[in-house]
Amino acid sequence: MMRFFLVLMAMICVLPASAEPVDLPPGSALRGELLDTLRPLVEYDLGAPVEFVVTSLQVDGDRAFARVAAQRPMGAPIDMETTPMVLRDGLPLDTIDGPRIEAFFHQSPARWEVVEFVIGATDVWWWAYDCKHYGGLLSE
């Protein structure tokens, strides 16, 4: 009987989890870690400092997907005309739909990394992005 129990426990531990994506609640350590991973990339394009208003932030194993809006501290709006992505990079304002951001993350052995992100997309570029790895996060 003990052998059966040990074999059963070993099988349970080895089988992959089939969990649903998890919405990360405000204040959770992982939510903070993911947003802090994204922040320097967004600040490069929008200028610092930025805060995020989270629309959706989900994790599924070692993958995550975020839909956020950037703002200045204390809720001040970002003037897109004065951002580095416009002034430095010459991105036309009419191609930017505000400071909305969609981002895909992957957890490497050392840390979370941003795989791909877009600021102000005018379409749903992310909808069919790498369905093999991120499809479970794109069910909405």
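In terms of our numbering, the sequence shown has 101 at position 98, counting the first letter as 1, and numbering is strictly consecutive.
Idealized CB from N, CA, C, for every residue including glycine.
Run of the alpha helix (DSSP H) containing residue i, from where it starts to where it stops
i, result
"residue 127", "Where residue 127 is concerned, there is no enclosing alpha helix (DSSP H), given that its DSSP letter is neither H nor E."
"residue 45", "32-49"
Identity of the residue in the options nearest residue i by Cα
i, options, result
"residue 125", "136, 117, 92, 99", "99"
"residue 71", "134, 37, 31", "37"
"residue 52", "113, 64, 74, 120", "74"
"residue 60", "138, 27, 134", "27"
"residue 67", "24, 83, 130", "24"
"residue 49", "56, 41, 81, 65", "81"
"residue 57", "136, 64, 39", "39"
Residue i, enclosing beta strand (DSSP E) - first and last residue
i, result
"residue 91", "Residue 91 -> no beta strand (DSSP E), and no H or E assigned at all."
Which residues DSSP lists as bridging residue i, in chain order
i, result
"residue 119", "107"
"residue 66", "63, 109"
"residue 53", "Partner(s): none; residue 53 has no beta bridge."
"residue 100", "Paired residues: none, contrary to the question."
"residue 72", "56, 103"
"residue 26", "61"
Pairs of beta-carbons, one from the stretch 81-93 and one from the stretch 104-119, closer than 8 Å: are there three or more? no
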